[in-house]
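Engineer: Its first residue numbered 1, the sequence shown is counted upward by one per residue in the working numbering. Okay, handing you the structure first.
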Amino acid sequence: MKVLLPFVCMLVWVFTAAPSGARGETFTVFAAASLSDALNDVIKTYQARTQDTVRASYAASSALARQIENGAPADVFISADLEWMDYLQKKSLVQPASRFDLVRNALVLIAPADSTIKLAITREFPLAAALGNGRLAVADPGSVPAGRYAKHALETLGVWPSIVNRVASAGDVRAALLLVARGEAPLGIVYSTDAAVERRVKIVDTLPERTHPPILYPAALTAASKSAAAARFLQAMREPAARGVFERYGFKPASPL
Numbered sequence: 001m002k003v004l005l006p007f008v009c010m011l012v013w014v015f016t017a018a019p020s021g022a023r024g025e026t027f028t029v030f031a032a033a034s035l036s037d038a039l040n041d042v043i044k045t046y047q048a049r050t051q052d053t054v055r056a057s058y059a060a061s062s063a064l065a066r067q068i069e070n071g072a073p074a075d076v077f078i079s080a081d082l083e084w085m086d087y088l089q090k091k092s093l094v095q096p097a098s099r100f101d102l103v104r105n106a107l108v109l110i111a112p113a114d115s116t117i118k119l120a121i122t123r124e125f126p127l128a129a130a131l132g133n134g135r136l137a138v139a140d141p142g143s144v145p146a147g148r149y150a151k152h153a154l155e156t157l158g159v160w161p162s163i164v165n166r167v168a169s170a171g172d173v174r175a176a177l178l179l180v181a182r183g184e185a186p187l188g189i190v191y192s193t194d195a196a197v198e199r200r201v202k203i204v205d206t207l208p209e210r211t212h213p214p215i216l217y218p219a220a221l222t223a224a225s226k227s228a229a230a231a232r233f234l235q236a237m238r239e240p241a242a243r244g245v246f247e248r249y250g251f252k253p254a255s256p257l
């Protein structure tokens, strides 16, 4: 008993003397659905080298912005376009000093992997004819960034009027991807990074960047966040290791980062 007592006392000292700051924080990230695969890897690495816990929620940027506007407890918001971040900033719902552009993306026309459709995207290319009796799968063109980009590109190319009534509108870009992957739509427009992670689709062609605004992903702390860990996480996403993960999934560096 006399031998065990000093050991027990030492254990008590170790646990009671540990600084409270060593405890990790839990915080919440709201991010565009198209970031899910890459960001999950970034989060996994971040959690492995810290004691923090990251809760990630993925959906259309429009839906996430509305949730934050309605008081959802998010610490970080990462949008798939500038517009929804601007929307929250104008309402003083993000911290402007924390905001930066994380990555950028591209739009591609996709088809099921076994499709024989071949199209070159040029002005007034025959998209309607290529659809046959089917529909074009896109994220909601009225509110979801990927859908808005797609509509803008097709308008620039002079194609939108011919397919406006033949759009299969999805809740977010991953839902549009799934419609094509399942063969429920003969063609779709998604981000290049989405097409890269789904083996059941193939890229038919890439929409020229000049046909739509730059696809940038801004990130920022929400105005309601008091989490020091969330701020550290934002900074970690700007480091070379995180940038390497995003690039591995096909995202391009934002300029400037």
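Every residue, glycine too, gets a C-beta built ideally from N, C-alpha and C.
1) Measuring straight from C-alpha to C-alpha, what distance separates residue 21 and residue 227?
2) How should residue 105 be labelled, buried or exposed, when 16 other C-beta atoms within 10 angstroms of its C-beta is the threshold for buried?
3) Helix, strand or coil for residue 101, going by three-state DSSP, please let me know.
4) Going by C-alpha to C-alpha distance, which of 224, 65 and 44 sits closest to residue 33?
5) Please give me, in chain order, every unbroken run of the alpha helix (DSSP H) with length at least 4 that falls completely inside the region 56 to 111.
6) Reducing DSSP to helix, strand and coil, say where residue 249 ends up.
7) For the beta strand (DSSP E) holding residue 221, just list the boundary residues, first then last.
8) How far does the beta strand (DSSP E) with residue 203 in it extend, from its first residue to its last?
9) Determine the closest residue to residue 214 out of 124, 146 and 45, with distance taken between C-alpha atoms.
10) Check whether the Cβ atoms of residue 56 and residue 31 lie closer than 8 Å to each other.
11) Assuming contact is defined by CB atoms lying nearer than 8 Å, are residue 168 and residue 185 in contact in what I supplied?
12) In this structure, how does DSSP classify residue 125 when only helix, strand and coil are distinguished?
13) Tell me the DSSP bridge mates of residue 188?
14) Looking only at its own chain, which residues have a Cβ that is under 8 Å from the Cβ of residue 91, when we skip the five neighbours before and after it?
15) Starting from residue 167, follow its DSSP beta bridges and name the residues at the other end.
16) Among the candidates 79, 238, 203 and 253, whose CA atom is the shortest distance from the CA of residue 118?
17) In angstroms, rounded to a whole number, what distance separates the CA positions of residue 45 and residue 122?
18) Exposed or buried, which one is residue 17 when buried takes at least 16 other CB atoms within 10 Å?
19) If you draw a straight line from the C-alpha of residue 232 to the C-alpha of residue 142, how long is it?
20) Would you check if there are 3 or more beta carbon pairs closer than 8 Å linking the region 70 to 82 to the region 152 to 162?
21) Is the number of C-beta pairs between the region 82 to 98 and the region 193 to 201 that are closer than 8 Å three or more?
Structural biologist: Looking at the atomic coordinates:
1) Confidence at residue 21 is low in this model, with a pLDDT of 44, below 50, so its placement is unreliable and the value that follows should be read with caution. Spanning the two alpha carbons is a distance of roughly 13 Å.
2) Buried.
3) strand
4) Cα-wise, what sits closest to residue 33 is 65.
5) 61 to 69 and 82 to 90
6) Residue 249 falls in the coil class under three-state DSSP.
7) 215 to 221
8) 201 to 206
9) 146
10) yes
11) Between residue 168 and residue 185, the C-beta gap is smaller than 8 Å, which places the two residues in contact.
12) coil
13) 110 and 137
14) 69
15) 136
16) 203
17) 41 Å
18) Unreliable placement is indicated for residue 17, whose pLDDT of 28 sits below 50; no coordinate value is reported for it.
19) Rounded to whole angstroms, residue 232 to residue 142 spans 34 Å at the Cα level.
20) no
21) Output reads no: the region 193 to 201 does not touch the region 82 to 98.
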